[in-house]
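Below you'll find the structure, written out as structure tokens, and then a few comments.
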Amino acid sequence: MMIHMSKVSPLHPRAESLRVRERLVEGFEASLVVPEGLAAHGRGEAFDYILGEQTTEHAKRAIEAASAMLLLAKHPVISVNGNVAALVPAEIAELAKAVGAKIEVNLFHGSARRESVIARWLRKHGAKEVLGTSVKFSTRIKEVHSDRRKVDRRGIAAADVVLVPLEDGDRTEALKKLGKRVIAIDLNPMSRTARAADVTIVDNIVRALPLMAKDAKRLSRAQKTRLHDVVRHFDNKANLGATLEFMLGRLKNLIK
Ligand code: PTJ
23 MMIHMSKVSP LHPRAESLRV RERLVEGFEA SLVVPEGLAA HGRGEAFDYI
73 LGEQTTEHAK RAIEAASAML LLAKHPVISV NGNVAALVPA EIAELAKAVG
123 AKIEVNLFHG SARRESVIAR WLRKHGAKEV LGTSVKFSTR IKEVHSDRRK
173 VDRRGIAAAD VVLVPLEDGD RTEALKKLGK RVIAIDLNPM SRTARAADVT
223 IVDNIVRALP LMAKDAKRLS RAQKTRLHDV VRHFDNKANL GATLEFMLGR
273 LKNLIK
């Protein structure tokens, strides 16, 4: 990836948000991110603005439940697309290590070249093994109606728990139909993905992933019964409702 000096002044009131945008633009220039990824990020930013660009208590609870679910899984897989690779490559590698998950490149706008650019980028940032690029292990999920139907036999095809950050609703519903448990990270609490997943983390991936890696490390020392309790007590529908209430509250405060 081309490293250019940040054009964003640290004094700018929106410096952090602008820096994240720069990372995506660099990712686009390095062929990790598709143009549609820039638009998708803009949609996410709008929701993040309403959230106050902070990790809510509801998101923290979802992060804990997701970490516990990944630790309890027999075959956890983290699915990575262009945006995720550009924004949090090292954090993906760290989380995979902490929960013993496989990493698989799985793209909505499929391209063999981009798959290998993303896999190389992830390895450069500490990922040991990256699935999803080998024709030999490629298979199809017929329930998915996009390029995302192409999955790795050793990865998503065999997974019991899949983490799908920045997702489209179609695949989440298909993975659920296949009996898998799905964890989503999506700033839009109203998306089909958010509503279909077992655990939805309504937070910006740049904040959520480091917290998840930290939680996973902490919980990896806990008893399995404690992890089961964390998962059992988490109610995704209620959590999404509380997140929407939180957003509504912030909007109401603006009117006052
Ligand atoms: O690299 P590819 O080909 O797999 O394509 C990736 C994109 C993101 C273009 C593709 O998955 C896509 O079109 O996604 P959608 O359907 O636009 O959904 C993306 C969701 O992620 C939207 O609900 C956004 O609100 C949300 N989102 C965007 N940026 C972030 C985010 N959620 C958390 N953190 C973000 N930084």
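Each residue of the sequence shown is one higher than the one before, starting from 23 at the first, in the working numbering.
We put the CB at the ideal spot given by N, CA and C, even for glycine.
May I have the straight-line CA-CA distance separating residue i from residue j, to the nearest angstrom?
i	j	result
E11	V139	The question about residue 11 has no answer, for the chain in this structure spans 23 to 278.
T215	L129	16 Å
V47	W143	15 Å
I25	E126	Residue placement at I25 cannot be trusted, given a pLDDT of 48 that sits under 50; the coordinates are not used to answer.
K239	G74	27 Å
T265	V99	26 Å
N258	D237	18 Å
A81	I114	18 Å
V55	V224	22 Å
R203	N103	19 Å
A230	K158	34 Å
R145	H131	21 Å
M234	K150	19 Å
L249	E86	9 Å
A84	P232	14 Å
R175	L209	30 Å
A244	K172	36 Å
I207	A218	12 Å
V183	I163	16 Å
S168	Y71	30 Å
R43	G66	11 Å
T77	R170	29 Å
N275	F268	11 Å
G201	A179	11 Å
V30	L60	18 Å
G64	A120	30 Å
A68	N226	11 Å
S213	L185	16 Å
A52	R135	12 Å
T161	E137	15 Å
S156	G177	11 Å
Using the DSSP secondary-structure output, state which residues sit across from residue i in a beta bridge.
i	result
L185	I100, I205
I223	I207
Whole-angstrom Cβ separation of residue i and residue j, contact assumed at under 8 Å?
i	j	result
L94	K246	7 Å
I205	D220	7 Å
G148	E116	7 Å
M91	V253	5 Å
S89	L241	5 Å
L262	P187	With 8 Å as the limit, L262 and P187 do not qualify as a contact, their Cβ atoms being about 17 Å apart.
H97	A181	5 Å
N105	A141	Between A141 and N105 the Cβ distance is about 15 Å, and since that is not below 8 Å, they are no contact.
R45	A108	6 Å
R193	V166	5 Å
Continuous alpha helix (DSSP H) assignments of at least 4 residues falling wholly in the stretch 226-250 | 227-241
Start-end ranges of the beta strand (DSSP E) lying completely within the stretch 103-186, minimum 3 residues = 124-127, 160-162, 172-174
Can you list, in chain order, the stretches of the alpha helix (DSSP H) that have 4 or more residues and sit fully within the stretch 36-102?
-> 37-51, 57-73, 79-94
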